[in-house]
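Residue numbers (this note's numbering), protein chains in the order written: chain A, 7 to 117; chain B, 145 to 261.
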């Protein structure tokens with residue numbers, strides 16, 4: 007079955023340091039991959055997507071993600087973390103017209 | 145940008161009663177809307193896909209008689225939790241696909257916190 011996995015439940019980063027939130031996928035064919043962020047008691051906000059083209063995708067709030075076909079990964083990155091980036095992050099894959107989400111990774115950025 | 149609203153944002157109801165949650169696309173038409181359920185600090189579980197003017201498609205394991213979905217217009221879908229029980233307490237999130245945009249864009253509502261006492 008087509009799915010995504012986020013191997014880390016939580017990622018802790020110091021403010022100003024680079025951050026990476028990992029996502030691996032398992033799909034047949036060309037994957038449509040997404041990253042969303044969720045703040046407490048809120049819905050999901052779209053960060054970025056990979057459909058085709060350049061493997062490095064730039065998104066909202068300074069985030070970017072790199073599609074790596076050989077490693078079947080789509081890790082979310084940011085060069086310099088902010089305390090306000092602390093939230094729950096979801097990787098998702100589009101399957102049959104629906105979005106299927108990974109387990110989520112809680113990012114904590116400390117001052 | 146595309147905005148999806150949900151009403152109410154939170155609701156407390158007694159066991160055995162029914163609760164209706166509305167999902168509206170405010171500035172675009174949505175032929176397809178999705179309903180998700182989320183437990184604390186867990187992922188979103190897709191419950192059903194709602195298509196305007198037709199019956200919803202439920203995911204495996206979701207009781208369609210318990211979670212009634214109606215998508216009567218291009219901007220409104222409703223989820224009714226019938227005969228609610230404490231185990232139905234959860235965060236319910238809807239999302240909508242922009243009919244006029246790319247087929248990949250899906251916009252999410254702010255969620256509805258349901259507590260059944």
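Virtual Cβ for every residue (Gly too), placed ideally from N, Cα, C. Please read these numbers as outputs of a predicted model, since none were measured by experiment.
Does any residue of chain C bring its CB to less than 8 angstroms from the CB of residue 74 of chain A? Absent from the structure is chain C; the protein chains it does hold are A and B.
Leaving out five residues before and five after residue 58 of chain A in sequence, what residues of the same chain have Cβ atoms less than 8 angstroms from its Cβ? Its chain contains 36 as the residues whose beta carbon lies nearer than 8 angstroms to that of residue 58 of chain A, once the 5 sequence neighbours on both sides are disregarded; these appear in chain order.
Going straight from the alpha carbon of residue 191 of chain B to that of residue 18 of chain A, what length do you get? 31 angstroms
Can you tell me the Cα-Cα spacing of residue 98 of chain A and residue 258 of chain B, whole angstroms? Cα-Cα distance, rounded: 25 angstroms.
Against chain A: residues of the stretch 166-195 of chain B by CB proximity under 9 angstroms: Those residues of the stretch 166-195 of chain B placed with their C-beta closer than 9 angstroms to a C-beta in chain A are 176, 178, 180, 182, 185, 186, 187, 188, 189, 190, 193, ordered along the chain.
Below 6 angstroms CB to CB, which residues in the same chain sit around residue 26 of chain A once its five sequence neighbours on both sides are set aside? 81, 83
To the nearest angstrom, how far is it from the Cα of residue 233 of chain B to the Cα of residue 260 of chain B? C-alpha separation (whole angstroms): 5 angstroms.
Interface partners of residue 254 of chain B on chain A, CB under 9 angstroms: Neighbourhood of residue 254 of chain B in chain A, by CB distance below 9 angstroms: 47, 48, 49, in chain order.
Using a Cβ cut-off of 9 angstroms, pull out every chain B residue sitting near residue 112 of chain A, in sequence order please. 185
Alpha carbon to alpha carbon, how far is residue 220 of chain B from residue 158 of chain B? Rounded to whole angstroms, residue 220 of chain B to residue 158 of chain B spans 26 angstroms at the Cα level.
For the structure I just gave you, are there three or more beta carbon pairs, one from the stretch 52-66 of chain A and one from the stretch 105-113 of chain A, closer than 8 angstroms? no
Is residue 9 of chain A helix, strand or coil when you go by DSSP? Strand, per DSSP.
Return the Cβ separation of residue 256 of chain B and residue 152 of chain B in integer angstroms, given the expectation that the two are a contact with Cβ distance under 8 angstroms. That pair is a contact at about 6 angstroms.
Give the secondary structure of residue 187 of chain B by DSSP, where H, G and I count as helix, E and B as strand, and everything else as coil. DSSP, reduced to helix, strand and coil, places residue 187 of chain B outside both helices and strands of the structure shown, so it counts as coil.
Beta-carbon proximity of residue 236 of chain B to residue 218 of chain B, cut-off 8 angstroms: no
Below 6 angstroms CB to CB, which residues in the same chain sit around residue 179 of chain B once its five sequence neighbours on both sides are set aside? For residue 179 of chain B, where only same-chain residues beyond five positions count, the Cβ hits under 6 angstroms are 191, 192, 223, 238.
Residue 250 of chain B: contacting residues in chain A (beta-carbon distance under 7 angstroms): 105
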